[in-house]
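Residue numbers (this note's numbering), protein chains in the order written: chain A, 355 to 862; chain B, 453 to 779.
Idealized CB from N, CA, C, for every residue including glycine.
Just so we're clear, the structure is a prediction, and the values are computed from it rather than from any experiment.
A quick write-up on the structure given underneath.
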């Protein structure tokens, strides 16, 4: 007995731990949303390219597009263009689209559209980059100015990271004569970046330009320049204006390197405008969409991998254990008497089709009529099977009549009685009448009320959409429930009703 | 809420056994599932008891199929009174007690006259499993009608009073006399309204009783006091009950017995899930007594001794008997 208890405890522990671990893994590692209402931002980015095509000349336009290896996941990507051939190639961690046409003339407009979201990115690839480079050639006064700037930077920095931010800070101090010389009167960001690049190159610190787009709705924007450097482990991003380190969450890297966004042959005045807008989307639907576009195929092996039709069935089925748990608690802890063990769960399932208020009325009316018919048949001294058949037929006729009347009265509810509730009704009537015969009317009434209470309670719990979603998405919760049920199997305490039943003992 | 916790604590202190404890610690632990048919099927119980030399009401016949129902006339032709029972019935349902014949018809104990066809219909119901646990096909048993000893006349209303003894591993732990009332329709089942009266294990003298979960001292129909009645042949009952452990192999049973006017103590049936109201009848919890028996069993097991039914009765009577009468 003691060994068995230990065995049971270990089993319960294992099940509960496993259930919690799987659920926690799903929530915290895979990032599956806990409620259905949780939404995610969905970004729609349109890049519109306009240019004048030279007449009688082939056109070739190349534009960088986001490399899609970041924390964002693309859900959809489209290249909208008339009469242009489209090809995409990758180089140096960038992606470039090439639009080409043999003949084009006048104003040309091309669109690139990207839909992306932040969630459900797959494993990040290991970042690699250069950690050493040669100095850029620099001569005369500029060389002296650069070296004059570098020595305090060296003094004030400890490593690559602090070195770069110190360099950026110095370059942004326009009152410094050396800086002014190097900038040559042009304090545009691009120029500052050039100077920073120069300074860093003398110190053999590699640096790369990063062009980013900010995820912000309805604001006209041009790509923002950032600098990044590889410290041997990961990329460090710097704002060339402020020296601020770290790329904000809302920046999307569009391309890296020194080249311009667009290069055009056979045309002039290329212009790119970015339009961004965000929409919200149900997180789990989003996850399903994402799933098709990434290698994060965890949903493949969840219940969401099933066909939609089957999913709906499972959403009902997976709630049955909840109903069973309710019955278990009501019976073993509460001491409520119900008709059979799981009949209440079946009735609760039938309530799904009839809705609860109408379901209770329907059940009460039909069961009462069925019972009175049965007691009438009792007088005829029929055998059990023929009597059951008569009751079943009667129930069918009764339901048909109720449906007909409610339809005529304009109550569509009455039509909701289908096959399943009918079978359960018949079964309930038969079992109730047996109880009536065995234990008397009072007991039968008590049991019927108990059954209705249990059925209503399980129905209400089984129909909480949040709960359905949660259990359907995290089926491992069922393991925790099994653990609880196992523990209940050894519960020795009193049932609530027993406290009243044995009250006589306390009356001394 | 606070009151409930207090009730809980008080009940626990008194050692009152609840359904969950009974199921987990006794029924599931001591009653092997495969032995249930022995007690669930009264025909098997009877056959076992006859083989073991234990007294049971005489079996007149068994009806197994609809075709067999024809044989009813033959089976009962020599007996003016008899009882029809479902072999696997529960809680006394489906039992028909015929007390006499009346102009080709039958008279039940309650005085109702019924026809032969009605008895056949009842048997047919029994065969289709209307009264059996789980609705399985069943057999009907026709047997000797017990005539209760007149000792019970003053404290009983119709029907046959019976004696229920809870036996744990062959040790009687608690006993109760069950008296039919007008409300129970002559049946001796407590949930149908019969009275349970506690019995002192050592002396066989009745204590106070329980009726519908309340404590009582008088029979509601006869208004005679139920306590202080000396049951005859008490040690016979106790030994009979203790011997039922060897008969069926189940460790936790309720043994139902009757006292027949002519044949003395007879075993009626065994119950693998005996009810808990016996505790109210005896004003005493089962848990402490059960623990005492379990301790005794462990001691004996350590010494390698096995006790006979008589020794077990003696142990139980010394430990649980001689309840001081109520003031």
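Within a Cβ cutoff of 8 Å, which residues of the same chain sit near residue i, ignoring the five residues on either side of it in sequence?
i	result
residue 602(B)	713
residue 490(A)	551, 552, 555, 556
residue 573(A)	630
residue 530(A)	503, 524
residue 852(A)	689
residue 547(A)	563, 579, 581, 594
residue 785(A)	693, 694, 697
residue 545(A)	537, 538
residue 549(A)	525, 533, 536, 537
residue 720(A)	749, 752, 753, 756, 779, 783
residue 668(A)	657, 660, 826
residue 807(A)	684, 690
residue 612(A)	563
Interface residues of chain B around residue i at Cβ under 8 Å?
i	result
residue 853(A)	456, 459, 460, 463
residue 739(A)	580
residue 686(A)	472
residue 735(A)	569, 570, 573
residue 849(A)	470, 471, 472
With a CB to CB cut of under 7 Å and the five nearest residues on each side skipped, what residues in its chain are close to residue i?
i	result
residue 569(A)	397, 604, 606, 630
residue 779(B)	At residue 779(B), the pLDDT of 45 sits below 50, so the modelled position is not reliable and the matter cannot be decided from this model.
residue 723(A)	752
residue 699(A)	674, 677, 678, 681, 812
residue 762(B)	691
Mind pulling the chain A residues with CB within less than 8 Å of residue i?
i	result
residue 476(B)	843, 844, 845, 846
residue 732(B)	856, 858, 859
So the beta strand (DSSP E) residue i belongs to, where does it begin and stop?
i	result
residue 414(A)	413 to 419
residue 513(B)	511 to 515
residue 625(B)	623 to 631
residue 589(B)	Taken as a continuous stretch (DSSP letters only), residue 589(B) belongs to no beta strand (DSSP E), as it is neither H nor E.
residue 434(A)	427 to 434
residue 439(A)	439 to 445
residue 463(A)	460 to 471
residue 455(A)	448 to 455
Could you spell out where the alpha helix (DSSP H) holding residue i opens and where it closes?
i	result
residue 823(A)	819 to 827
residue 850(A)	850 to 855
residue 726(A)	710 to 733
residue 664(A)	662 to 671
residue 552(A)	543 to 556
residue 803(A)	795 to 816
residue 841(A)	831 to 842
Which chain B residues sit within Cβ distance under 7 Å of residue i?
i	result
residue 723(A)	None at all; the shortest Cβ gap to chain B is about 22 Å.
residue 884(A)	Any answer about residue 884(A) is impossible in this case: the structure gives chain A only from 355 up to 862.
For a contact meaning CB atoms closer than 7 Å, what does residue i contact in chain A?
i	result
residue 633(B)	Chain A residues near residue 633(B): none, gap ~14 Å exceeds 7 Å.
residue 467(B)	Near residue 467(B) there are no residues of chain A at all, since even the closest Cβ is about 10 Å away, more than 7 Å.
For a contact defined as C-beta to C-beta under 9 Å, what are the partners of residue i on chain B?
i	result
residue 778(A)	Correct list: empty, because the minimum Cβ distance to chain B is about 17 Å.
residue 793(A)	543, 545, 643, 644
residue 681(A)	The premise fails here: residue 681(A) is roughly 15 Å from chain B at the closest Cβ pair, so nothing lies under 9 Å.
Tell me which same chain residues have a C-beta within less than 6 Å of the C-beta of residue i, skipping the five on either side of it?
i	result
residue 811(A)	680
residue 681(B)	658
residue 796(A)	none
residue 683(B)	656
Check the C-beta distance from residue i over to residue j and give it rounded, since I have them as a contact under 8 Å.
i	j	result
residue 403(A)	residue 616(A)	6 Å
residue 856(A)	residue 732(B)	7 Å
residue 483(B)	residue 704(B)	6 Å
residue 609(B)	residue 630(B)	Not really, about 12 Å apart at Cβ, beyond 8 Å.
residue 696(B)	residue 707(B)	5 Å
residue 646(B)	residue 632(B)	5 Å
residue 420(A)	residue 449(A)	7 Å
Compare the C-beta of residue i against all C-beta atoms of chain D and say whether one is closer than 8 Å.
i	result
residue 788(A)	No chain D is present in this structure, whose protein chains are A and B.
Taking beta-carbon pairs under 9 Å, can you tell me which members of the segment 662 to 683 of chain B lie near chain A?
Flagged, chain order: 662, 665, 666, 667.
Check each residue of the segment 479 to 498 of chain B: if its Cβ is closer than 8 Å to any Cβ of chain A, include it; give the result in chain order.
Within the segment 479 to 498 of chain B, the qualifying residues are 481.
Which residues, in order along the segment 691 to 708 of chain A, keep a beta-carbon less than 7 Å from a beta-carbon of chain B?
Cβ contacts with chain B come from no residue of the segment 691 to 708 of chain A.
Chain-ordered residues of the segment 563 to 581 of chain B with a beta carbon less than 8 Å from chain A:
569, 570, 573, 576, 577, 580, 581
Output, in sequence order along the chain, the residues in the segment 619 to 648 of chain B whose CB is closer than 8 Å to any CB in chain A.
643, 644
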